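Asker:
Numbering (full-length UniProt numbering), first residue to last: 1 to 270.
#1: Closer than 7 Å by C-beta to residue 80: which residues in its own chain qualify, once you throw out the five before and the five after it? Chain order, please.
#2: Check the C-beta distance from residue 231 over to residue 76 and give it rounded, since I have them as a contact under 8 Å.
#3: Determine the direct distance from the alpha carbon of residue 26 to that of residue 272, and round the result to whole angstroms.
#4: If you draw a straight line from the alpha carbon of residue 130 to that of residue 124, how long is it in whole angstroms?
#5: If you follow the alpha helix (DSSP H) that residue 24 is part of, which residue opens it and which one closes it?
#6: Tell me which same chain residues have a C-beta within less than 8 Å of the C-beta of residue 252, skipping the five on either side of it?
#7: Report the rounded CA-to-CA distance for residue 18 versus residue 152, giving the unit in angstroms.
#8: Which residue's Cα is closest to the Cα of residue 89: 97, 105, 69?
#9: Starting from residue 177, follow the alpha helix (DSSP H) in both directions and report where the run begins and ends.
#10: CB residue 217 to CB residue 238, shorter than 9 Å?
#11: Which residue from 194, 264, 10, 112 puts its Cα closest to that of residue 59?
#12: Of the residues 166, 161, 42, 150, which one's Cα is nearest the Cα of residue 140?
#13: Can you tell me the Cα-Cα spacing of residue 12 and residue 171, whole angstroms?
#14: Under a Cβ-count criterion, where at least 16 other Cβ atoms within 10 Å of its own Cβ denotes burial, should residue 181 be classed as buried or exposed?
#15: Could you round the C-beta distance between residue 169 and residue 8 to whole angstroms and report it? I think they count as a contact, below 8 Å.
#16: Quick check: does the Cβ of residue 109 come within less than 8 Å of any heavy atom belonging to the ligand SAM?
#17: With a CB to CB cut of under 7 Å and the five nearest residues on each side skipped, what residues in its chain are close to residue 184?
#18: Write down the C-beta distance between residue 263 and residue 205 rounded to the nearest angstrom, noting that I regard them as a contact closer than 8 Å.
#19: Quick one: using the 10 Å Cβ neighbour count with 16 as the cut-off for buried, is residue 227 buried or exposed?
#20: Can you give me the C-alpha to C-alpha distance between residue 39 and residue 121, rounded to a whole angstrom?
#21: If you draw a straight line from the alpha carbon of residue 41 to that of residue 50, how long is it in whole angstroms?
#22: Keeping to the same chain, check which residues put their C-beta closer than 7 Å to that of residue 61; ignore five residues upstream and five downstream.
#23: Would residue 274 be called buried (16 or more neighbouring beta carbons within 10 Å of its own) or exposed?
#24: Ordered along the chain, which non-local residues of its own chain (more than five positions away) have a Cβ less than 6 Å from that of residue 191?
Below, the structure written as structure tokens:
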């Protein structure tokens with residue numbers, strides 16, 4: 001598809017009569033599937049039945065999507081109050097990761113209690129998978145031409161040695177923009193590798209998950225500063241505030257759990 005003189009990728013994956021399947025949904029679904037496969041594989045190594053994470057995903061994904069959308073709509077209420085028919089339209093994006101994370105964690109807590117499982121064991125196993133899903137999901141933002149940064153020159157993007165299709169897709173509303181989706185995706189993929197390596201360090205239970213929160217939040221804080229479409233609360237970028245809360249909260253959580261004796265078990269223990 002051509003917009004002006006710069007070719008762009010089509011957002012539609014396939015057209016089935018009057019129905020359109022968008023790349024955004026396909027990429028999000030792919031991220032969920034690959035994340036699930038990784039969690040199932042690691043779960044089996046840690047003595048967790050395969051069906052456990054399948055069941056978690058069946059509950060957590062719909063709730064996470066609902067929470068991600070609700071979170072986004074709340075902070076964009078000035079628009080959605082005037083366009084209520086668009087509240088449930090997620091084909092063009094509008095899913096906030098922090099909202100989805102809240103929904104997924106809440107679901108995990110309830111699920112673990114009802115199944116008599118350790119919540120901390122489950123989220124430790126799932127931590128690399130969650131980050132993998134986020135890394136892949138950002139490419140859905142790429143296809144939708146959203147979650148981009150401030151204006152830059154084409155020569156700047158070329159200096160990053162980016163392939164042409166990424167450079168062209170970052171031409172939005174008459175200007176080139178920082179590919180912040182890519183910055184966050186690469187940061188997240190790096191985090192996946194880090195978490196997989198840290199499993200061998202045999203951290204105390206819960207600390208791999210806290211490390212995930214810290215790693216993701218550090219990257220998100222800096223990337224968010226480049227974005228032009230941040231959700232705002234007055235002069236504050238909500239994602240940056242939440243990132244700081246998660247970093248500080250995770251560090252405090254690690255310290256308190258150690259001092260209170262709640263983190264005596266190790267990751268590699270049953």
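Positions of the beta carbon are idealized from the N, C-alpha and C atoms, including for glycine.
If you're wondering where the values come from, they're calculated on a predicted model, not measured in any experiment.
Answerer: According to the structure data:
#1: Start at 1 with the first residue of the chain shown, and residue 80 comes out as number 80. Closer than 7 Å at the Cβ level, and outside the excluded window around residue 80, lie 73, 86, 87.
#2: For the purposes of this step, residue 231 is taken as the residue at position 231 of the chain shown. For the purposes of this step, residue 76 is taken as the residue at position 76 of the chain shown. Going by Cβ atoms, the distance from residue 231 to residue 76 rounds to 7 Å, so yes, they are a contact pair.
#3: Here the chain has residues from 1 to 270 only, and residue 272 is not among them.
#4: Here residue 130 is taken as the residue at index 130 of the chain shown, counted from 1. Here residue 124 is taken as the residue at index 124 of the chain shown, counted from 1. About 10 Å.
#5: Start at 1 with the first residue of the chain shown, and residue 24 comes out as number 24. That run of the alpha helix (DSSP H) goes 23-45.
#6: Counting from 1 along the chain shown, the entry for residue 252 is found at position 252. So the list is empty, once near-sequence residues are dropped.
#7: In the chain shown, residue 18 corresponds to position 18, counting from 1. In the chain shown, residue 152 corresponds to position 152, counting from 1. Those two C-alpha atoms are separated by around 38 Å.
#8: Here residue 89 refers to the residue found at position 89 when the chain shown is read from its first residue. Closest by alpha carbon: 69.
#9: The residue you call residue 177 lines up with position 177 of the chain shown. Here residue 177 belongs to no alpha helix (DSSP H); instead the beta strand (DSSP E) covers 175-177.
#10: For the purposes of this step, residue 217 is taken as residue 217 along the chain shown, with counting starting at 1. For the purposes of this step, residue 238 is taken as residue 238 along the chain shown, with counting starting at 1. No, the pair does not count as a contact, with Cβ atoms beyond the cut-off.
#11: By one-based count along the chain shown, residue 59 stands at place 59. Closest by alpha carbon: 112.
#12: Residue numbering aside, residue 140 sits at position 140 when the chain shown is read from its first letter. The candidate whose alpha carbon is nearest that of residue 140 is 166.
#13: Position 12 of the chain shown holds residue 12. Position 171 of the chain shown holds residue 171. Each residue's alpha carbon lies about 18 Å from the other.
#14: Numbered from 1 along the chain shown, position 181 holds the residue referred to as residue 181. Answer is buried; the Cβ neighbour count reaches 16.
#15: Your numbering for residue 169 matches position 169 in the chain shown. Your numbering for residue 8 matches position 8 in the chain shown. Correct: roughly 6 Å between the Cβ atoms.
#16: Ligands are entirely absent from the displayed structure, and the ligand SAM is therefore not among its contents.
#17: Indexing the chain shown from 1 puts residue 184 at position 184. Excluding sequence neighbours, residue 184 sits near 138, 219, 220, 223.
#18: Here residue 263 is taken as the residue at index 263 of the chain shown, counted from 1. Here residue 205 is taken as the residue at index 205 of the chain shown, counted from 1. Contact holds; Cβ gap of about 6 Å.
#19: The residue labelled residue 227 in the question sits at position 227 within the chain shown. Classification of residue 227: buried, given that the 10 Å Cβ count is 16 or more.
#20: On the chain shown, position 39 is the one that residue 39 refers to. On the chain shown, position 121 is the one that residue 121 refers to. Straight-line Cα distance between these residues: approximately 12 Å.
#21: Numbered from 1 along the chain shown, position 41 holds the residue referred to as residue 41. Numbered from 1 along the chain shown, position 50 holds the residue referred to as residue 50. Each residue's alpha carbon lies about 8 Å from the other.
#22: In the chain shown, the residue the question calls residue 61 occupies position 61. 32.
#23: Residue 274 is absent from the structure shown; the chain starts at 1 and stops at 270.
#24: Here residue 191 is taken as the residue at index 191 of the chain shown, counted from 1. Within the same chain, residue 191 has close Cβ partners 131, 215.
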